[in-house]
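Numbering (the numbering used here), first residue to last: 1155 to 1405.
Below is one structure, written out as structure tokens; the observations come after it.
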């Protein structure tokens, strides 16, 4: 699709992507910055979504590699979850093209608000391992694909759902849960991106420029997660949730 932007606008979007990558690596929700920024640049909505998936995938890849190298997460132990999240995202991406998620979008602010409140008031959230509420098999075969479907169908807050779902349902420590969330989010991003590429709905010059910013931000954010743990993750999640709810309420 023919669409061009000035160098100044592309550089601005790259800077926004860097901030978004930093936030995404810590708590998720970076699309809260990049999607509105691209829409403000007068990029059509479908192109915005496709291009956003391209640059978001690079951030998730950078964060995933950092977490793997630091020994925070082992992809070999979550193969089923990775595959399930990928398939779920594919199905969600197909479904959204058949039936717009109007009803689900109305529920998102309440869902995000609940996450923020839970994170704010949950005592010692993910600071230590806890007793699992669901089995590893259920998490990998059911929960991960469902969140993957959500990412393909709607998207906002997927990283938070993966991370906090792992904490709340599997009793995982929050740094490990965040590392796993990055790997799963990479899988869902790639799944959706494939369909946007097939449909010709990616602005490659813009997306590749934003990938640079996203990669830098994700690298810094993922290192901060490893060093700061829950002291960093919890407040960022609460702030991102507040920002997302505000955005939805204001329309």
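Virtual Cβ for every residue (Gly too), placed ideally from N, Cα, C.
Source: prediction; values computed, not measured.
For residue 1322, collect the residues of the same chain with a Cβ closer than 8 Å to its Cβ; drop the 5 residues on either side in sequence, then sort them by chain order.
Result list for residue 1322: 1272 and 1287, in chain order.
Beta carbon of residue 1333, beta carbon of residue 1232: below 7 Å?
In this structure, the beta-carbon distance from residue 1333 to residue 1232 does not fall below 7 Å.
Report, in whole angstroms, the separation of the C-beta atoms of residue 1342 and residue 1302, which I expect to be a contact under 8 Å.
Your pair residue 1342 and residue 1302 checks out as a contact, with CB atoms roughly 5 Å apart and the cut at 8 Å.
Please report the Cβ distance between residue 1368 and residue 1171, rounded to the nearest whole angstrom; I am assuming they are in contact, meaning their Cβ atoms lie under 8 Å.
Rounded to the nearest angstrom, the Cβ distance from residue 1368 to residue 1171 is 4 Å, consistent with a contact under 8 Å.
Between the beta-carbon of residue 1218 and the beta-carbon of residue 1337, is there less than 7 Å?
Cβ atoms of residue 1218 and residue 1337: closer than 7 Å.
With distances taken Cα to Cα, identify the nearest neighbour of residue 1245 among 1234, 1204, 1214 and 1300.
In this structure, 1300 is the residue among 1234, 1204, 1214 and 1300 with its C-alpha nearest to the C-alpha of residue 1245.
Assess, as a yes-or-no matter, whether the segment 1325–1332 is touched by the segment 1193–1213 under the definition of 3 or more beta carbon pairs within less than 8 Å.
Flag = no, the segment 1193–1213 and the segment 1325–1332 do not touch.
Starting from residue 1317, trace the alpha helix (DSSP H) both ways and give me its first and last residue.
For residue 1317, the enclosing alpha helix (DSSP H) has its first and last residue at 1312–1324.
Which value, in whole angstroms, describes the spacing of the CA atoms of residue 1318 and residue 1203?
C-alpha separation (whole angstroms): 24 Å.
Count the other C-beta atoms from every protein chain shown that fall within 10 angstroms of the C-beta of residue 1264, then say buried if there are 16 or more, exposed otherwise.
Under this definition residue 1264 is an exposed residue.
Residues near residue 1397 in its chain [Cβ-Cβ closer than 7 Å; skip 5 each side]:
Sequence-distant partners of residue 1397 (beyond 5 residues in either direction) whose C-beta falls short of 7 Å from its own C-beta, in its chain, are 1186.
On a CA-only basis, which of 1390, 1206 and 1178 is nearest residue 1350? Give me that one, please.
Comparing alpha-carbon positions, the option among 1390, 1206 and 1178 lying closest to residue 1350 turns out to be 1206.
Report the residue from 1175, 1158, 1161 and 1269 whose alpha carbon sits nearest the alpha carbon of residue 1393.
Checking every option, the nearest Cα to that of residue 1393 belongs to 1269.
Taking only the alpha-carbon atoms, compute the straight-line gap between residue 1308 and residue 1283 and give it to the nearest angstrom.
Each residue's alpha carbon lies about 30 Å from the other.
Grab the span of the alpha helix (DSSP H) containing residue 1200 for me, first residue to last.
Counting along the chain, the alpha helix (DSSP H) containing residue 1200 begins and ends at 1199–1223.
Quick check on this structure: which residue in 1310, 1188 and 1210 has the alpha carbon closest to the alpha carbon of residue 1420?
Examination of residue 1420 is not possible in this model, given that the chain is present from 1155 through 1405 alone.
Could you tell me the alpha carbon to alpha carbon distance between residue 1183 and residue 1311, rounded to whole angstroms?
Near 5 Å, if we compare the C-alpha coordinates of residue 1311 and residue 1183.
Can you list, in chain order, the residues of its chain whose CB lies under 7 Å from that of residue 1173, leaving out five sequence neighbours each side?
If you ignore the 5 residues before and after residue 1173, its C-beta comes within less than 7 Å of the C-beta of 1187 and 1371, all in its own chain and listed in chain order.
Going by C-alpha distance, which of 1223, 1212, 1160 and 1243 is nearest residue 1192?
That would be 1160, whose Cα lies nearest to the Cα of residue 1192.
How long is the line joining the alpha carbons of residue 1226 and residue 1376, rounded to whole angstroms?
Computed Cα separation, rounded: 11 Å.
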